[in-house]
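Quick note, the sequences are listed as chains A, B and C, same order. Take 1 as the starting number for the first sequence in the numbering used here and just add one per residue. Take 1001 as the starting number for the second sequence in the numbering used here and just add one per residue. Take 2001 as the starting number for the third sequence in the numbering used here and just add one per residue. Glycine included, every Cβ here is placed at the ideal spot set by N, Cα and C.
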Amino acid sequence: MRTELNIDKALAALADQPKPDWLVHWQQQGQQVLSQTAWPTRKTENWKYTSLKSLQGISWQAETPDAVADGIRFVDWQEISIDFVNGRLVNTPKLPDGVTLHRLSDCSEAEGLTFLQKVDSERAGFEFDALNQSLLTEGYWLKVAKDIQVAQPIHLNFISSGADVVTSTQVLVELESGARATIAETFSATAEARVLVNANTALYVGDNAQLTHYHLLLEEGEVRHIGRVTGSLSRFASLSSFHMAVGGILKRKDITIRHRGEGAELSLNGVYLPKGHEVIDYHTTLEHEVPNCTSSEIFRGIMADHGKAVFNGRIHIHKDAQKSVAEMNNRNLLLSDHAEIDTKPELEIYADDVRCAHGATIAQLDKSLLFYFQARGISKKEAEVMLSFGFINELLDALNDQPVQTLLRPLLATLFAQKQADLARHIL
Amino acid sequence: MSEEVKQYIKSEYKAGFVTDVESSTIPVGLSEDVIRLISSKKNEPEWLLEWRLKAYRAWQEMTEPDWAHVTYPKPDFQALSYYSSPKSMEENRPKSLDEVDPELLATYEKLGIPVHEQEVLAGVAVDMVFDSVSVGTTFRAKLADAGVIFCPISEAVHEYPDLVKKYLGSVVPQRDNYYAALNSAVFSDGSFVYIPKGVRCPMELSTYFRINEAKTGQFERTLIIADEGSHVSYLEGCTAPMRDENQLHAAVVELVCMDDAEIKYSTVQNWYPGDAEGKGGIYNFVTKRGIAHHRAKISWTQVETGSAVTWKYPSCILKGDDSIGEFYSVALTSNHQQADTGTKMIHIGKNTRSTIISKGISAMTSQNSYRGLVKMNPGASGARNFTQCDSLLIGDRCGAHTFPYIESKNPSAIVEHEATTSKVSDDQMFLCQQRGIDPEKAVSMIVNGFCKEVFKELPMEFAVEAGKLLEVSLEGAVG
Amino acid sequence: MLTIKNLKAKVEDKDILKGLNIDVKPGEVHAIMGPNGAGKSTLGYVLAGRDGYEVTDGSAELHGENLLDMDAEERARKGLFLAFQYPVEIPGVSNMEFLKASVDAVREARGLEPYSSVEFIKLAREKSKAVNLPADFLKRGVNEGFSGGEKKRNELMQMMLLEPSLCILDETDSGLDIDALQVVAEGVNALRSPDRSFIVVTHYQRLLDYIVPDYVHVLADGKIVKSGGKELALELEKEGYRWIEGETV
Ligand SMILES: Nc1ncnc2c1ncn2[C@@H]1O[C@H](COP(=O)(O)OP(=O)(O)OP(=O)(O)O)[C@@H](O)[C@H]1O
Ligand SMILES: [Mg+2]
């Protein structure tokens, strides 16, 4: 990928930074892999529907601008906000007892290698992992100690800015056994930003621990965001992870959650709303490696204008993972003649005593529902907006945290308000 | 899972005998000369030889695909013979069925196929393809009365050159894929069907493919043309002897379905699946595709119980407005069988509709995959697809997989896809046993029930045959 | 007919039946009542030979033969019939096909010729009429999409066709409307004969108004804690199970 992706400047800047040998070594390894990795094209199964052209023709550099933007702020959530600009930590909030945050570059060699090993063990088959490793701006290790129940939500507020800037970050969230926490990662960009955000997150949920996780890609403008989220669930761990992507040029997130301890429970939901010429691509994989785990996954999308979305949802039940229950559902609405959706739900099953199902639909708004609205005196146009809104809203309503709903709803509202005219034109 | 079901399956392949006839088989190996030889044996016109050579050259430049969910040693194309015919079919070619070597006909009789027109069950016209040649076709005269052409494609080349020239390769181009290119270069025999405008074919048509010789491949080529407003139901059956080495069957089937016509194409595929250790069996790499014009309907029904490896996606190009495509499939794999099968529905015209019902059953250590594509092109306004893929697992060492690709570029198109995976439940087994039904019978009933939606699409006689075939594959399950 | 002695059984390492004794003579009707979770359905399953139920002690004999050694289908062929509390659905397998397979198997075991298809269809129609199920239910998948009451009537129809010698009805009356209740009762009463016995599990006295039992047993915590005549059911209806539990504690 080295020839197709021009990151010479970024690499040069990296070489100038002082950092420990073990980290230098790790990045060099990454660079080697990167140069050996073939540039993904339409022929690469993982990238069949998504072009990476928008990453090319730019000389990517690593730069930390001085200007600090606000990013995303929640209302009435009492969250602890930790702010990052182009991958660099810019504030030092006070963390509750039992919660620690370490920068990878501050870690001792032993700790650092543990971090890298944890991150590495979750990786497999994603081309941009090598980019992340090569350019790693910084790693962050957020740990919640055993049995600590963190009352306050923790907000990782990632802000991107600058011209032709590439930022690679790796967050490692670790909940020790019995811990409980809510962690929201938000990504936003300043108006003039022209960036490649390469953000990876690894979630480790220990025995009986419970994590509520939000991963919201809200950057508008000239933003490409390519990264991955991995999760590892131990015995009776519970993870509820919610994803959303709006705006930008290209957004691609690979999500892989592994059930590694019996009795683990996962709820994975997401929303994608490409408009204009935006492309949003979610690839999700649920790995049931052990028996007696449950997964439920719902992703929904609305494609407007020339917007295009790709969804690939894979459920993999390993041999001997008996009594697995896994369900995945993907629903899509196309709002325009030029919009596109490519969806591929996959089941790969090697155990027999399982309950697995997936469904995918592409549809127009339900005519009988439209009629019901009309029969109650609501204009068709209004009904259409309400119904498309409702299609997504169902997932927002299910969120436990009101303030996250409060943040996202107006975003949808403006999106649909803009779309109202379009809607009327296209869905009739 | 109950013990009974676990101990399941030790199938006995009933079509595994060898017919003892003298054959003339060309030496192994593939080259332009071999293709010339095949062409000259069939006395083909120059254009067809050129057509074959073009395909051969294209094939040489292609590389054998690596499919995600099947693994097998790649065939050695130089170790196969590409043409084999019973001697009796070569010199003094029989002019009617009565002159055909009784030993050959006995092969088909043994398989339960009506080879004489006077037989009671003979509501069906049969073309019998033995290795590389057709040994006979029944009811040709009766069909000709209705204007229907049903004959081996090798004859059609001579008797209906215009039709063959026009449509051969029109749905599956020579370089469509690796095995289609190979088939185009070396294809031997298969059936040719033409139904004239407005004609409803008066009887079921069928072709039985039999591989007999060792170390040969069979390269069937079938072309069915249903002219405007016509209707035909066609069935193919396939069997082969039990042999320790793998044999290759690489077929191409093309369907041309003109305005308002309907083609119903059913397959009962029972190629030798290999033994319990995974030794031997047929590699079944098949390209089947139909094109449907305005208001035309193509319906594929398949029951796949055989072959060591199956790779096959009978597809519909729904080109005309209001055209309909259907795919009903039962694929049962056991022992070491691998099946990767499904369909492609390409919606081009307005208000096109497609239905996909796929039932996969995997047992023992087999792997069974559904792979499909539903594509809504920008012009496919008002198009609809419904897909239901169900998998049934029997035993905990097999795999069932579903890989549907769904692409839509039209906001008024509606696609619905559902897939489930389950096993024969202990509760169902107990209910059957409590009512006195033995476990083996219970499994076979439950599996048959699971497949019912597909079986009901088969012509009557074949539905019964298909049910029996499943039962045989489920036989010996209970200890 | 059926003799159960000190029967103990467990499911998934949980002791459910804890030493149970019942003796059912030919022609008798025994009602079993008892609180939820007492083990009534478990008793039915253990007798019918369902997998996963482990008998740890005691014996059960049908016509003097040891039931517990037989496979489930063998027991059915010996004349034991269990009407399920929750009949399962078998999609795609038509009721008719299922019934024929079942009746053929049971008749074969008794040394009888299988019915011809024509005979059987006629017979099945007759029985479905007797339980008030429209004939088209015979064509539908076994219990597939049947309402709760329809499933129960379907069970009863099977019982009539199989002509078992011992019928165990597990809450066949639950979920039935009044008319259907009468249909079930009539069905059972029509089958009553000197060489056929019934074990009727129910929560309601009203069924016993129609099917008058010879004995009523109260099953609580895996044991028969009280037995009596038909009047016991009336007392239970009035007083609930608590007074019995009070007695035994
Ligand atoms: N597979 C199982 N695993 C664990 N416990 C079980 C299982 N099956 C039954 N039990 C338990 O055994 C006990 C007896 O159950 P059973 O169904 O026999 O009760 P019942 O008397 O029929 O109750 P009801 O009146 O509600 O039908 C219950 O506590 C039940 O939860
Ligand atoms: Mg009960």
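Contact check, residue i vs residue j, beta carbons under 8 Å
i: residue 1083 of chain B; j: residue 1026 of chain B; result: yes
i: residue 222 of chain A; j: residue 193 of chain A; result: yes
i: residue 1124 of chain B; j: residue 1137 of chain B; result: no
i: residue 963 of chain B; j: residue 1167 of chain B; result: Outside the displayed range of chain B (1001 to 1479) lies residue 963 of chain B, so it cannot be described from this structure.
i: residue 1345 of chain B; j: residue 1374 of chain B; result: yes
i: residue 288 of chain A; j: residue 243 of chain A; result: no
i: residue 217 of chain A; j: residue 179 of chain A; result: no
i: residue 234 of chain A; j: residue 260 of chain A; result: yes
i: residue 2098 of chain C; j: residue 2142 of chain C; result: yes
i: residue 265 of chain A; j: residue 294 of chain A; result: yes
i: residue 1425 of chain B; j: residue 1393 of chain B; result: no
i: residue 1186 of chain B; j: residue 1226 of chain B; result: no
i: residue 1074 of chain B; j: residue 1064 of chain B; result: yes
i: residue 137 of chain A; j: residue 88 of chain A; result: yes
Any C-beta of chain B under 8 Å from that of residue i
i: residue 342 of chain A; result: yes
i: residue 2005 of chain C; result: no
i: residue 355 of chain A; result: yes
i: residue 337 of chain A; result: yes
i: residue 291 of chain A; result: no
i: residue 2199 of chain C; result: no
i: residue 2102 of chain C; result: yes
i: residue 262 of chain A; result: no
N- and C-terminal bounds of the beta strand (DSSP E) containing residue i
i: residue 1299 of chain B; result: 1297–1304
i: residue 1145 of chain B; result: Run containing residue 1145 of chain B: none in the beta strand (DSSP E); it sits in the alpha helix (DSSP H), 1140–1145.
i: residue 1257 of chain B; result: 1252–1257
i: residue 1311 of chain B; result: 1309–1312
i: residue 1093 of chain B; result: Here residue 1093 of chain B belongs to no beta strand (DSSP E), and DSSP marks it neither H nor E.
Inter-residue Cα distance where the pair is residue i and residue j
i: residue 2189 of chain C; j: residue 2211 of chain C; result: 7 Å
i: residue 16 of chain A; j: residue 139 of chain A; result: 18 Å
i: residue 2231 of chain C; j: residue 2179 of chain C; result: 24 Å
i: residue 2061 of chain C; j: residue 2217 of chain C; result: 19 Å
i: residue 1171 of chain B; j: residue 1289 of chain B; result: 7 Å
i: residue 2241 of chain C; j: residue 409 of chain A; result: 55 Å
i: residue 177 of chain A; j: residue 205 of chain A; result: 8 Å
i: residue 2055 of chain C; j: residue 2015 of chain C; result: 10 Å
i: residue 2013 of chain C; j: residue 2037 of chain C; result: 16 Å
i: residue 85 of chain A; j: residue 1056 of chain B; result: 60 Å
i: residue 329 of chain A; j: residue 299 of chain A; result: 6 Å
i: residue 1120 of chain B; j: residue 350 of chain A; result: Any answer about residue 1120 of chain B is weak, because its pLDDT of 46 lies below 50 and its placement is not dependable; what the coordinates show is given next. Their Cα atoms are separated by approximately 46 Å.
i: residue 281 of chain A; j: residue 387 of chain A; result: 24 Å
i: residue 1066 of chain B; j: residue 1283 of chain B; result: 14 Å
Helix, strand or coil at residue i [DSSP, three-state]
i: residue 1388 of chain B; result: strand
i: residue 204 of chain A; result: strand
i: residue 1157 of chain B; result: helix
i: residue 1344 of chain B; result: strand
i: residue 1187 of chain B; result: coil
i: residue 141 of chain A; result: strand
i: residue 2223 of chain C; result: strand
Alpha helix (DSSP H) segment containing residue i, residue limits
i: residue 2102 of chain C; result: 2095–2109
i: residue 2178 of chain C; result: 2178–2191
i: residue 1151 of chain B; result: Segment 1149–1152 is the beta strand (DSSP E) holding residue 1151 of chain B; no alpha helix (DSSP H) there.
Min CB distance residue i to chain A below 8 Å
i: residue 1406 of chain B; result: yes
i: residue 1419 of chain B; result: yes
i: residue 1357 of chain B; result: no
Minimum Cβ-Cβ distance from residue i to chain C less than 8 Å
i: residue 1388 of chain B; result: no
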